[in-house]
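For the sequence shown, position 36 (counting from the first letter as 1) is numbered 52 according to my numbering, and the numbering increases by one without interruption. Structure record follows, encoded as structure tokens.
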Amino acid sequence: APATGTRPAGEPELVAIHELLQKGLWEQARAALNALIKRAPTATRYQAMLAYAKGREAQLSNRRDEARVELDTALQLDPDLQVAKTALAELFTRRK
């Protein structure tokens, strides 16, 4: 598959987590992220990805307020997290 630019280079753990998220395997993705956070509690990138995972799951379950809070948190932790930016933009464009 061609690179989409959303996969973090050089971080195989995050590549695997992105694959879980793309498949909608939220519980496994959260478990993997929690394990990474335990090993590296100061790595805000992992915390941001966890907030993104929670936000995206909430978004797809139509829990819009929860999704917005989690996605905002993800971007506060990692302002360059493109998947969170995209999800947040999608959340606002689909507002009815």
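Glycine is no exception: its CB is placed at the ideal position from the N, C-alpha and C atoms. Just so you know, these numbers come straight off a predicted model, no measurement behind them.
Between TYR68 and ALA100 a beta carbon distance of about 5 Å is seen, short of the 8 Å cut, so the two are scored as contacting. Of the other Cβ atoms in all chains shown, 16 or more fall within 10 Å of the Cβ of GLU86; this residue is therefore buried.
With a contact defined as Cβ atoms closer than 8 Å, LEU66 and LEU49 qualify at about 4 Å.
Contact annotation, LEU93 with ALA64: C-beta distance approximately 4 Å; criterion of less than 8 Å satisfied. Looking at the backbone, the Cα of GLU35 and that of ASP81 are separated by about 25 Å. Sequence-distant partners of ALA83 (beyond 5 residues in either direction) whose C-beta falls short of 7 Å from its own C-beta, in its chain, are GLY71, ALA74, GLN75 and LEU107.
Distance from the CA of ASN78 to the CA of GLU43, rounded to the nearest whole angstrom, comes to 17 Å. Cβ contact annotation for ALA103 (same chain, cutoff 8 Å, sequence separation greater than five): TYR68, GLY71, ARG72, GLN75, ALA83 and LEU87, in chain order. Here LEU97 has ALA64, TYR68, ALA90 and LEU91 as same chain residues with Cβ atoms under 7 Å from its own Cβ, once five neighbours each way along the sequence are excluded.
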